[in-house]
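Visitor: Quick one: the structure is below, questions incoming.
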Amino acid sequence: MDAFVIRGGRPLVGQFRVNGAKNAALPLMAAALLTDQPVTLRDVPDLSDVRNMRTLLAELGCETQDPPTQFTPPPGRPSPPRTLTLRTTVGTPVHARYELVRTMRASVCVLGPLLARRGRARVAMPGGCAIGDRPIDLHLRGLAALGASVELDAGDAVLTAPRGPGGERRLVGARVYLGGRFGSTVLGTANVMAAATLARGRTLIECAACEPEIADLARLLTAMGARIDGAGTPRIVVDGVDRLGGADLTLVPDRIEAGTIMAAAAITGGRVTLTNCPIDALLAFTDILTAAGVTVEEEPGADLMRATCVVSRDTPLRPAHVTTQPHPGFPTDLQAQTMALLALARGNSVITERVFPQRFLHVAELTRMGARLDHEGPSVVVSGVDRLVGAPVMASDLRASAGLVLAGLAAQGETTVRRVYHLDRGYERLDAALASLGADIRRVRDGQPAAPPAVGDFAPVAAGA
Ligand code: UD1
């Protein structure tokens, strides 16, 4: 199993191009199940989650091709932007098996497309993961509102669309409320919106998730012929159509990868220029960075979702109060990285988690590196310390691992972050990216230097964000 060995203390300096978003890639790939025409996605990150989604889609009759011009980069070099073309050739399988779903919770986003196009879907219930219970009740309620019957059988959710006047199985447009205890649901919104594109009549989704990845999915579905209004706001209206065609779309850049690199520049007192940066989707995060004494400069340009910005810090970090919320609030996926940063602030910060209140497994590991953290319910009081010290630590989920890597970049001495397969799920060669910015970081396998992983060369992963 791979680990990262990091020697901290080097300021990160240089340029980083933000990759396409993982959280856009997965539901957009699943949307290819809605048509038998080719769907081309550009700037798809090279991640184990994307490879897992390809495997799942192949089982469901949807093949993914890479154009022949693409190549695997030499060890340690980032890959060029990747284009995938997906095409559904077999329209009958409806079962997303537990063996696949448990490796990647986001597999649940095939539910809406399968049900809409095939009239039936059988998807293993994903179960909880390191960051919480992760129910899918809102997905099921939303699809039931569109007329689907929902049963549970052997750990699978089995959904069946009602029969229309001609005897065909087809969902029916309806008013759907997607608010839950912790706000809306991102993948639940993706499922209901995708399902509604082929339903009979109009669907109104109230309390929809507003994440930019939902807006990106709507862009793809619209390019495929769907009629959608309001995606990116809490109220989405979908007018069902009879069929969808192919489309070609470049993914929105990954705001969480961008935020992680910004935090890396900040924690090391470096200066990094990010290109293809979705700064417009990161305002809650950059607001906290600024409050903490980090400089974020935007270069003039028309497209704030693909901006160039420079992140630097040359003064001590100040404390800040952070509360995670659904978009456009502070993203839960940047909470662990922000905790690592504020651990080195001069003063006390409070971080409150309102999206996944149990998402604090990194607290114990950061404490092993000298952070002073008091965890009480959904909040952590972070009492800033002068320095962190390197230690062997264990990654527990994707974003928690990123927080540990950031702490390692700033810590005195050597940090070993074990189980980095979590990171490989959602960051494209993070070790290579950080090394290209001057970090002293190397990947080792069982204590030996490791070559970058080849396609499919990943240990099974615990499901997570
Ligand atoms: C997505 C993101 C993940 C991010 C999360 C919150 C992808 C692939 N993953 O996950 O990176 O951390 O949004 O921004 O896009 N909930 C329910 N019932 C449901 C569904 C969710 O109670 O049916 C709760 C969850 O337990 C959680 C909150 O709602 O407390 C938000 O979860 P949700 O938005 O659904 O997260 P995901 O879409 O799974």
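For the working numbering, add 5 to where a residue sits in the sequence shown, where the first one is 1.
Backbone N, C-alpha and C define an ideal beta-carbon position, used for all residues, glycine too.
(1) Between leucine 287 and glycine 19, what straight-line distance do the alpha-carbon atoms span, to the nearest angstrom?
(2) Since leucine 442 contacts leucine 346 with CB under 8 Å, what's their CB separation in whole angstroms?
(3) Name the two residues that bound the continuous alpha helix (DSSP H) containing isoleucine 272.
(4) Ordered along the chain, which non-local residues of its own chain (more than five positions away) have a Cβ less than 7 Å from that of alanine 459?
(5) Compare the Cα-Cα distances from histidine 100 to each of Gln70, Ile210, Met267 and Thr165 and report the closest residue.
(6) Exposed or buried, what is valine 44 when buried is set at 16 or more other beta-carbons lying within 10 Å of its beta-carbon?
(7) Go through its chain and collect everything with a Cβ distance to alanine 126's Cβ below 6 Å, but skip five positions before and after it.
(8) Using only the heavy atoms of ligand 1, determine whether one of them is closer than 7 Å to the beta carbon of glycine 137.
(9) Roughly how many angstroms separate the alpha carbons of isoleucine 141 and arginine 423, rounded to a whole number?
(10) So threonine 202 packs on leucine 249, CB below 8 Å; how close in whole Å?
(11) Could you round the C-beta distance between leucine 309 and aspartate 285 to whole angstroms and report it? I think they count as a contact, below 8 Å.
(12) How far does the beta strand (DSSP E) with alanine 129 in it reach, from first residue to last?
(13) Quick one: what's leucine 157 bridged to in DSSP?
(14) Buried or exposed for threonine 93, please, with buried defined as at least 16 other CB atoms from any protein chain shown within 10 angstroms of its CB.
(15) Compute the beta-carbon to beta-carbon distance between leucine 31 and alanine 129, rounded to the nearest angstrom, for a pair I have assumed lies under 8 Å.
(16) Taking a contact to mean a Cβ-Cβ separation below 8 Å, would you say leucine 52 touches threonine 69 in this structure?
(17) So the candidates are Thr372, Arg373 and Asp379; which of them puts its Cα closest to the Cα of isoleucine 356?
(18) Does ligand 1 have even one heavy atom less than 7 Å from the beta-carbon of threonine 337?
(19) Using three-state DSSP, classify asparagine 24 as helix, strand or coil.
(20) Regarding valine 301 and ligand 1, is the C-beta to nearest heavy atom distance less than 7 Å?
(21) Determine the burial state of proline 50: buried for a count of at least 16 other Cβ atoms within 10 Å of its Cβ, exposed for fewer.
(22) Does glycine 13 pass the burial test, meaning 16 or more other C-beta atoms within 10 Å, or should it be called exposed?
(23) Could you check whether the segment 228–238 touches the segment 308–324, counting it as contact only if at least three pairs of C-beta atoms, one from each stretch, sit closer than 8 Å?
(24) For alanine 8 and glycine 418, what's the separation of their Cα atoms in angstroms?
(25) According to DSSP, which residues form a beta bridge with methionine 399?
(26) Which residue comes first and which comes last in the beta strand (DSSP E) that contains phenylalanine 361?
(27) If you reduce the DSSP assignment to three classes, tell me which class aspartate 290 lands in.
(28) On the criterion of 16 or more Cβ atoms from any shown chain inside 10 Å, does serine 189 qualify as buried, or is it exposed?
(29) Going by CA-CA distance only, name the one from Arg139, Arg175, Arg447 and Ser317 that's closest to alanine 437.
(30) Rounded to whole angstroms, what's the CA-CA distance from arginine 56 to leucine 226? Just pull it up for me.
(31) If you drop the 5 nearest sequence neighbours on each side, which residues of the same chain put their C-beta closer than 7 Å to that of alanine 415?
(32) Return yes when the C-beta of leucine 46 is under 7 Å from any heavy atom of ligand 1, and no when it is not.
(33) For my contact list, valine 390 and glycine 375 are in at a C-beta cut-off of 8 Å; report their separation, rounded to the angstrom.
(34) Can you list, in chain order, the residues of its chain with a C-beta nearer than 7 Å to that of cysteine 314? Leave out the 5 residues immediately preceding and following it.
(35) Under 7 Å: does the beta carbon of glycine 185 sit that close to some heavy atom of ligand 1?
Guide: According to the data block:
(1) Your numbering for residue 287 matches position 282 in the sequence shown. Your numbering for residue 19 matches position 14 in the sequence shown. Rounded to whole angstroms, leucine 287 to glycine 19 spans 21 Å at the Cα level.
(2) On the sequence shown, position 437 is the one that residue 442 refers to. On the sequence shown, position 341 is the one that residue 346 refers to. With 8 Å as the limit, leucine 442 and leucine 346 do not qualify as a contact, their Cβ atoms being about 16 Å apart.
(3) Working through the sequence shown from its first residue, we reach residue 272 at position 267. Counting along the chain, the alpha helix (DSSP H) containing isoleucine 272 begins and ends at 260–272.
(4) To locate residue 459, count along the sequence shown from 1; it is residue 454. Low per-residue confidence applies at alanine 459: pLDDT is 41, beneath 50, and the placement is therefore not dependable enough to give any value.
(5) Reading the sequence shown from its first residue, position 95 is the one you call residue 100. Closest in C-alpha terms to histidine 100, from the list Gln70, Ile210, Met267 and Thr165, comes Thr165.
(6) Looking up residue 44 in the sequence shown gives position 39. Per the 10 Å Cβ criterion, buried.
(7) One-based indexing of the sequence shown puts residue 126 at position 121. Closer than 6 Å at the Cβ level, and outside the excluded window around alanine 126, lie Val99, Leu116, Leu119, Leu120 and Leu164.
(8) As a working mapping, residue 137 is identified with position 132 in the sequence shown. Yes; taking the cut-off as 7 Å, the Cβ of glycine 137 has a heavy atom of ligand 1 nearer than that.
(9) Here residue 141 corresponds to residue number 136 of the sequence shown, with the count starting at 1. Here residue 423 corresponds to residue number 418 of the sequence shown, with the count starting at 1. Cα to Cα, isoleucine 141 sits roughly 30 Å from arginine 423.
(10) Counting from one through the sequence shown, the residue named residue 202 turns up at place 197. Counting from one through the sequence shown, the residue named residue 249 turns up at place 244. Confirmed, Cβ separation roughly 6 Å.
(11) Stepping through the sequence shown from its first residue, residue 309 is reached at position 304. Stepping through the sequence shown from its first residue, residue 285 is reached at position 280. About 4 Å separates the beta carbon of leucine 309 from that of aspartate 285, a gap short enough to meet the 8 Å contact definition.
(12) Here residue 129 corresponds to residue number 124 of the sequence shown, with the count starting at 1. Segment 125–129, the beta strand (DSSP E) holding alanine 129.
(13) Numbered from its first residue, the sequence shown carries residue 157 at position 152. Answer is Ala162, bridged to leucine 157.
(14) On the sequence shown, residue 93 is found 88 positions in, with the first residue counted as 1. That one is buried.
(15) The residue given as residue 31 occupies position 26 in the sequence shown. The residue given as residue 129 occupies position 124 in the sequence shown. That pair is no contact at about 16 Å.
(16) Taking the first residue of the sequence shown as 1, we reach residue 52 at position 47. Taking the first residue of the sequence shown as 1, we reach residue 69 at position 64. Against a cut-off of 8 Å, the Cβ pair of threonine 69 and leucine 52 comes out as no contact.
(17) The count along the sequence shown starts at 1 and reaches residue 356 at position 351. Comparing Cα-Cα distances from isoleucine 356 to each of Thr372, Arg373 and Asp379, the minimum goes to Asp379.
(18) For the purposes of this step, residue 337 is taken as the residue at position 332 of the sequence shown. Yes, the beta carbon of threonine 337 sits closer than 7 Å to at least one heavy atom of ligand 1.
(19) For the purposes of this step, residue 24 is identified with residue 19 of the sequence shown, where counting begins at 1. When secondary structure is reduced to three states using DSSP, asparagine 24 falls in the coil class, being assigned neither helix nor strand.
(20) Here the question's residue 301 lines up with position 296 in the sequence shown. Incorrect: valine 301 has no Cβ contact closer than 7 Å to ligand 1.
(21) On the sequence shown, position 45 is the one that residue 50 refers to. So proline 50 ends up on the buried side.
(22) Translated into the one-based positions of the sequence shown, residue 13 becomes position 8. Classification for glycine 13: buried.
(23) no
(24) Here residue 8 refers to the residue found at position 3 when the sequence shown is read from its first residue. Here residue 418 refers to the residue found at position 413 when the sequence shown is read from its first residue. Cα to Cα, alanine 8 sits roughly 16 Å from glycine 418.
(25) Here residue 399 is taken as the residue at index 394 of the sequence shown, counted from 1. In DSSP, methionine 399 forms a bridge with Arg423.
(26) Translated into positions along the sequence shown, residue 361 becomes position 356. Counting along the chain, phenylalanine 361 falls outside any beta strand (DSSP E), and DSSP gives it neither H nor E.
(27) One-based indexing of the sequence shown puts residue 290 at position 285. The sequence given here places phenylalanine at residue 290; aspartate does not occur at that position. Helix, per DSSP.
(28) Along the sequence shown, one-based indexing puts residue 189 at 184. That one is buried.
(29) What you label residue 437 is simply residue 432 of the sequence shown in a count that begins at 1. For alanine 437, the nearest C-alpha among the options comes from Arg447.
(30) Counted from its first residue, the sequence shown places residue 56 at position 51. Counted from its first residue, the sequence shown places residue 226 at position 221. If you draw a straight line from the Cα of arginine 56 to the Cα of leucine 226, it is about 22 Å long.
(31) Walking along the sequence shown from the start, residue 415 turns up at place 410. Closer than 7 Å at Cβ, skipping near neighbours: Gly13, Ile272, Thr273, Leu349 and Leu393.
(32) In the sequence shown, the residue the question calls residue 46 occupies position 41. The answer is no for leucine 46.
(33) Here residue 390 is taken as the residue at index 385 of the sequence shown, counted from 1. Here residue 375 is taken as the residue at index 370 of the sequence shown, counted from 1. 6 Å between Cβ atoms; contact.
(34) Taking the first residue of the sequence shown as position 1, residue 314 is located at position 309. Answer for cysteine 314: Leu279, Cys282, Ile284, Val301, Glu302, Glu303 and Glu304, listed in chain order.
(35) Along the sequence shown, read from residue 1 onward, the residue named residue 185 stands at position 180. Yes, the beta carbon of glycine 185 sits closer than 7 Å to at least one heavy atom of ligand 1.
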